[in-house]
Structure formats: structure tokens, C-alpha cells
Amino acid sequence: MALIQRLISSDKYRLKCPYSMSPRGICIHNTANDATAANEISYMQTNSNSTSFHIAVDNNEAILGIPINRNAWHAGDGGSGEGNRYYIGVEICYSKSGGDKFTNSEKRAAKEVAALLKQYGWTITNIRRHQDFSGKYCPHRTLDLGWQRFLNMIQTELNNYNDTTELYRVRKTWEDATPQIGAFSVLENAKKCADENPEYGVFNSKGIKIYQLSNNIVVGSKVKVIGSNYSTGETIPNWVKQSIYTVSQITDNRVLLKEISSWVYLKDLVLA
Ligand SMILES: [Zn+2]
């Protein structure tokens, strides 16, 4: 399940997504017309009104048009409204005429929403209707067909996730999940995403940082220790953190420092 990234140019941030955002959940919409997801996204990105949303989904593809760590104006609850400032806006296409195209768009949306819930560690209680924020009857066709029915579709998708599937998350730190900018089942895609955002790293599902462009530590690198414990669990004394060391060996998540013959975690090192 690929969420295609077709992000808005940053000179439109002021109009379409002026605030950074730590998302709290997902707000569901129907487009109320019959355009494709690609057309919805390009129209939203190029018109001159502020209305915006993060993701459009049709029967063929799901496209991310606004970065998930920025707000979008989709919930109709004002400049400081919870929907507009903290919810990921998802538009389901083809709702005007309905039929198979809409049914399949909804199915695809259920998969994408389940993927987002999984990424953020959320449940279906993190999903809202546009109506919850502003009273507008949206997502109109999804509501006509049954809101609980749609939530059940998402729950089914969530249940289908194989927990052993590795998911590579792109975050600044493992502990703080909210500014996460992506999660990928293919490591190369996660690395590409991290390369575009050098302050972010790639973490595996155990929370171990396995890659960061600006922290590309290799054997021979000069490093400083920023963590609090050796990989053996013993506390790292402060004086150790004052010096610069040479990397002499790297396993998948641990590094041997030559001068003190000690193993530390890769995530606890920075280039000196
Ligand atoms: Zn709406």
C-alpha cells in the first residue's frame, strides 16, 4: 500500500498549511464531486484559496499533497480549531455520483487510514468526521451508507496487519512519535525520506535508529557519545562523553569504540 507523495511547493505553505502540526488523528471527508485524486490534489495545490487537505484517495491511488507534519484547512472549525490544527484531512473521491468508483475509493481509503493508525499507534477512536468539527454533513455519502460500517472496514484492515511486518519509521527520536513524517515497509524508501529531512532518522520496529544521513557513522568515524548507558547496561560516566572516539566495529545496532574498548548503541553516537 503506497501513499504517493506529491507535496505542495513550500511557497504555498503560508496559504495552505502555515502551522507545523503534531497530528492527533484523522478527519474523514467526501469530495462531493467526481474528480480523481490526482486532480483533487493538483487543484487544491494551485488554487488561490486557503482550503486544503493532506490526502486524497480514489479507486486507483492515494496521494499525499500536504506534509503530515503541517496543518491543513479542511475541518471548518477556524484558525485555531482542533480539526484544522491537529487532524490529518483525508478526502474520499467520487462521492457525488457514487457507484463502484466511490465504493472502491472508500475501500482504498480504509486501507490508507488503517496504515496511518498503525504508523502512529492509534485506534479507530482517533478517527473523526468533518461533521464532528463543524457540523457540515461531510463525509456525506460515507455517512449515508453508514459511519459505523466505514469504521468497521478500517478496523478489519487494521486487524489484517501482520504485526511481524517490519515497518521503518522516519522520526527525529524514537521516544517522540508525533513528528513522525513517514513509515515504510521498504527500507530504501524510508532512507530516501530521511535523506530529504536530514534531522530525521530511520528507526526499525524495535526503536533502534538504523540510518540517518547526517549521522552516517562508519568504521573509522570520529564520534562523541550522547547516550546514558553502554550496550551492557552500565551507566556511561560523564567524563566519557567529553572525549572523541574512533569507531572500530559496527554491528546492526552497536558500535565498538576503539579507545575505551566499549560497546555502545549506534543511536547514542553523533559524528564529532
Ligand atoms: Zn469535509
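When we follow this note's numbering, the leftmost residue of the sequence shown carries the number 1, and every step to the right adds one. Where a beta carbon is used, it is the ideal one built from N, C-alpha and C, also for glycine.
| Asked | Found |
| --- | --- |
| Between G99 and V218, what straight-line distance do the alpha-carbon atoms span, to the nearest angstrom? | 55 Å |
| Is it true that the CB of G76 sits closer than 8 Å to the CB of S134? | yes |
| Helix, strand or coil: how does DSSP classify T123 here? | coil |
| May I ask which residues mark the beginning and end of the beta strand (DSSP E) holding A183? | 182-184 |
| Do Q212 and A194 have their CB atoms nearer than 8 Å? | yes |
| Note down, one range per segment and in chain order, each beta strand (DSSP E) of at least 3 residues found wholly within the segment 50-82. | 55-57, 62-64 |
| Using DSSP with H/G/I as helix, E/B as strand and the rest coil, what is N152? | helix |
| Measuring only from the beta carbon, is H130 closer than 7 Å to any heavy atom that is part of ligand 1? | yes |
| Could you name the residues that DSSP lists as bridge partners for Q249? | L256 |
| Please find out if some non-hydrogen atom of ligand 1 comes closer than 7 Å to the beta-carbon of K16. | no |
| Assign N152 to one of two classes, buried (16 or more other C-beta atoms within 10 Å of its C-beta) or exposed (fewer than that). | exposed |
| When every heavy atom of ligand 1 is checked, does at least one fall within less than 7 Å of the C-beta of K96? | no |
| Quick one, which of R70, Q5, K101 has its alpha-carbon nearest T36's? | K101 |
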